[in-house]
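Using this note's numbering, read the sequence shown as starting at 1 and increasing by one per residue. In this text, a Cβ means the ideal position worked out from N, Cα and C, and glycines have one as well. Just so we're clear, the structure is a prediction, and the values are computed from it rather than from any experiment. A quick write-up on the structure given underneath.
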Amino acid sequence: MNGILYFSSTGNSLFIAKKEQQRFGGKIVYIPKYQGDGSEFEKLVLVTPIYSYGMPTHVHSLLSRLNKQRELIVIQNYGGMVGGADFLLYSYATKLGLNIKSVFVIKMPENFTLTFTVPKFYLKSVLKNCGKAIDKVLNQIETGTPHVPKKKKTKEAKYLKNKSNWHLIGQRFCTSQNCVQCQKCVSLCPVGNISLQDGKIVFGDKCVACLGCYHRCPNKAILYQNKKKKFRYVNPNVDESEIGRDL
Ligand SMILES: Cc1cc2nc3c(=O)[nH]c(=O)nc-3n(C[C@H](O)[C@H](O)[C@H](O)COP(=O)(O)O)c2cc1C
Numbered sequence: 001m002n003g004i005l006y007f008s009s010t011g012n013s014l015f016i017a018k019k020e021q022q023r024f025g026g027k028i029v030y031i032p033k034y035q036g037d038g039s040e041f042e043k044l045v046l047v048t049p050i051y052s053y054g055m056p057t058h059v060h061s062l063l064s065r066l067n068k069q070r071e072l073i074v075i076q077n078y079g080g081m082v083g084g085a086d087f088l089l090y091s092y093a094t095k096l097g098l099n100i101k102s103v104f105v106i107k108m109p110e111n112f113t114l115t116f117t118v119p120k121f122y123l124k125s126v127l128k129n130c131g132k133a134i135d136k137v138l139n140q141i142e143t144g145t146p147h148v149p150k151k152k153k154t155k156e157a158k159y160l161k162n163k164s165n166w167h168l169i170g171q172r173f174c175t176s177q178n179c180v181q182c183q184k185c186v187s188l189c190p191v192g193n194i195s196l197q198d199g200k201i202v203f204g205d206k207c208v209a210c211l212g213c214y215h216r217c218p219n220k221a222i223l224y225q226n227k228k229k230k231f232r233y234v235n236p237n238v239d240e241s242e243i244g245r246d247l
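Written out as structure tokens, the structure is:
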């Protein structure tokens, strides 16, 4: 059986992982809860968002421990600009000696929206078009032909700098009076960075900037820099309760 390893905070990567599973079968595994190295699977498909022209922290550390024999196919998804993230991941995996065959990129709705709102018409059009883009990638996977990203200039320095500052994002979060201490944020945070202390939600210094808490709070009660922005996003084509689960 194939392993479909995914990281997702707002459901785009889970949506793609489920399409992969519907088409080819396999077990969907949520990376932050996964301790293994992929050996129990025949082939590995990694589905991940692009973060700061690179990859989320959990994906970076998963790659460093993956089984080197297993064939690896990567599907990255992004909201606005790839910035060489496909080539960066491919080079990193190659340096680690992984058996990486292909890296694909798919445009999905943007979720790094702490300071702006995605217009509804644009969101609708990205959601409409991504279905075709996903099918195209799955067709390419079916042919078995490797899809190696062309050598390109990456924004590696920017990625590493941003990554080193991700922990600060959590420290810029606070809760508004709409917070009812339901603790959904506490349970969905992939690094246990949020806790309830003396009746108040407290953000620690381990944030990996996934923004799951911000987008998925049922009362939009998590604010960034104390600003009351309304826009929150969760992929409307997934069951939100499945984000973070193995399927
Ligand atoms: C911390 C962070 C950094 C991001 N960096 C980029 C980026 O460099 N380029 C881009 O196009 N999208 C970027 N995005 C947007 C996500 O890649 C995109 O919305 C993705 O589809 C989210 O996947 P998910 O719903 O599975 O979490 C970023 C998102 C976050 C949270």
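Sequence-distant residues of its chain with Cβ nearer than 6 Å to V47 (five each side left out): Numbered from 1 along the sequence shown, position 47 holds the residue referred to as residue 47. Within the same chain, V47 has close Cβ partners Y6, S13, I16, A17 and I75.
Among N226, I194 and D86, the one whose alpha carbon lies nearest that of P149: Position 149 of the sequence shown, counting from 1, holds the residue named residue 149. Measuring from the Cα of P149, the nearest candidate turns out to be D86.
Opening and closing residue of the beta strand (DSSP E) in which L223 lies: Residue numbering aside, residue 223 sits at position 223 when the sequence shown is read from its first letter. Unbroken beta strand (DSSP E) run through L223: I222 to Y224.
When G80, C210, C174 and A209 are compared against L196, the one with the closest alpha-carbon: Numbered from its first residue, the sequence shown carries residue 196 at position 196. Ranked by Cα distance from L196, the options G80, C210, C174 and A209 are led by C174.
Counted within 10 angstroms of its Cβ, other Cβ atoms place L44 as buried (16 or more) or exposed: Numbered from its first residue, the sequence shown carries residue 44 at position 44. Per the 10 Å Cβ criterion, buried.
Validate contact between the region 87–105 and the region 168–182 using beta carbons, cut 8 Å, 3 pairs: No: the two stretches stay apart, fewer than three of their Cβ pairs being nearer than 8 Å.
Short Cβ contact (8 Å threshold) for I201 with C189: Counted from its first residue, the sequence shown places residue 201 at position 201. Counted from its first residue, the sequence shown places residue 189 at position 189. In this structure, I201 keeps its C-beta atom at 8 Å or more from the C-beta atom of C189.
Distance, P146 Cα to Y92 Cα: The residue labelled residue 92 in the question sits at position 92 within the sequence shown. The residue labelled residue 146 in the question sits at position 146 within the sequence shown. One C-alpha to the other measures close to 17 Å.
Whole beta strand (DSSP E) elements within the region 163–192, 3-residue minimum: 173–175
Ligand 1 heavy atom lying under 7 Å from the CB of F112: Locating residue 112 in the sequence shown gives position 112, where the first residue counts as 1. Yes - ligand 1 has a heavy atom lying nearer than 7 Å to the Cβ of F112.
Buried versus exposed call for M81 [16 or more other C-beta atoms within 10 Å across all chains shown]: Taking the first residue of the sequence shown as 1, we reach residue 81 at position 81. M81 should be labelled exposed.
Beta-ladder partner(s) of T48, from DSSP: If you number the sequence shown from 1, residue 48 lands on position 48. According to DSSP, T48 bridges with Q76.
Contact between the region 152–161 and the region 110–117 (3+ Cβ pairs under 8 Å): no
Start and end residues, alpha helix (DSSP H) containing F121: Numbered from its first residue, the sequence shown carries residue 121 at position 121. K120 to T143 is the span of the alpha helix (DSSP H), which, as asked, contains F121.
Cβ-Cβ distance between G3 and G38 below 8 Å: Residue mapping note: residue 3 aligns to position 3 of the sequence shown, counting from 1. Residue mapping note: residue 38 aligns to position 38 of the sequence shown, counting from 1. Cβ atoms of G3 and G38: closer than 8 Å.
R245 classed as buried or exposed, judged by whether at least 16 other C-beta atoms fall within 10 angstroms: Along the sequence shown, read from residue 1 onward, the residue named residue 245 stands at position 245. By the 10 Å Cβ count, R245 comes out exposed.
T10 beta carbon near ligand 1 (any heavy atom closer than 7 Å): Here residue 10 corresponds to residue number 10 of the sequence shown, with the count starting at 1. Under cutoff, so the answer is yes.
E40, buried or exposed, once every other Cβ within 10 Å from all chains shown has been counted against 16: Counting from one through the sequence shown, the residue named residue 40 turns up at place 40. Exposed.
Under the three-state DSSP convention, the category V202 falls into: Here residue 202 corresponds to residue number 202 of the sequence shown, with the count starting at 1. Strand at V202.
Through-space distance from Q22 to Q225, alpha-carbon basis: Locating residue 225 in the sequence shown gives position 225, counting from the first residue. Locating residue 22 in the sequence shown gives position 22, counting from the first residue. Rounded to the nearest angstrom, the two C-alpha atoms are 40 Å apart.
S241 in three-state terms, based on DSSP: The residue you call residue 241 lines up with position 241 of the sequence shown. DSSP places S241 in the helix class (H, G or I) of the three-state scheme.
Length-filtered (3 minimum) beta strand (DSSP E) runs lying within the region 71–117: Residue ranges of uninterrupted beta strand (DSSP E) with 3 or more members, entirely inside the region 71–117 and ordered along the chain, are 71–78 and 99–107.
Span of the alpha helix (DSSP H), counted from its first residue to its last, around I194: For this step, residue 194 is matched to residue 194 along the sequence shown. Where I194 is concerned, there is no enclosing alpha helix (DSSP H), although the beta strand (DSSP E) it sits in stretches over I194 to Q197.
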